Amino acid sequence: MTSAPMIEQYLHRLALSEAKGVALVTELIEKHLARYAFSSLNAMAGQPLFLQTDALFERLVVNQQGGYCFEHNPQCQDSCPDLESPKNPAMEG
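In the working numbering, the protein residues as written are 110 to 202.
Structure, rendered in structure tokens:
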């Protein structure tokens, strides 16, 4: 699970509005997609793909590198409790 400071940094970078419920989750997804790329460049370069929360956060949020969908989904999913939204099984990696 992503730590509270990590979630705060992630949400701050997305600059979400004051929307609630489905509108907020929709905004989270749209802004995530606009900011963080989906790519396989690290895998193609022979770099190991670490799935630990800290490693994913460092690569996706801090270094703003791309990743596969199963790498992006935990970041969005772990932010949902802070957004007072239920987790969606479809977002699980």
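Ideal Cβ positions, reconstructed from N, Cα and C, are used throughout, including at glycine.
Predicted model only: the values in this text are computed from it and were never measured.
Spatial neighbours of residue i in its chain, beta-carbon cut-off 6 Å, leaving aside the 5 residues before and after
i	result
lysine 140	Leu123
Cβ-based neighbour list, residue i, same chain, cut-off 7 Å, excluding 5 preceding and 5 following
i	result
arginine 168	Gln174, Gly176
Per-residue DSSP class, three states only, for residue i
i	result
glycine 130	helix
phenylalanine 147	strand
Residue nearest to residue i in terms of C-alpha spacing, selected from the options
i	options	result
asparagine 182	Ala146, Ser126, Leu125	Ala146
asparagine 172	Ser112, Ala113, Gln118	Gln118
alanine 113	Asp163, Met153, Glu180, Cys178	Asp163
leucine 160	Met153, Glu180, Ser148	Glu180
Proximity of residue i and residue j at Cβ, strictly below 7 Å
i	j	result
leucine 125	glutamate 136	yes
Whole-Å CB distance - residue i paired with residue j, under 8 Å assumed
i	j	result
leucine 142	asparagine 151	Actually they do not touch by this definition, with Cβ atoms about 19 Å apart.
valine 170	glutamine 184	7 Å
Cβ shell of residue i (< 8 Å), same chain only, five flanking positions each side left out
i	result
leucine 144	The sequence given here has arginine at residue 144, not leucine. Excluding positions up to five away in sequence, the list reads Arg122, Leu123, Gln173.
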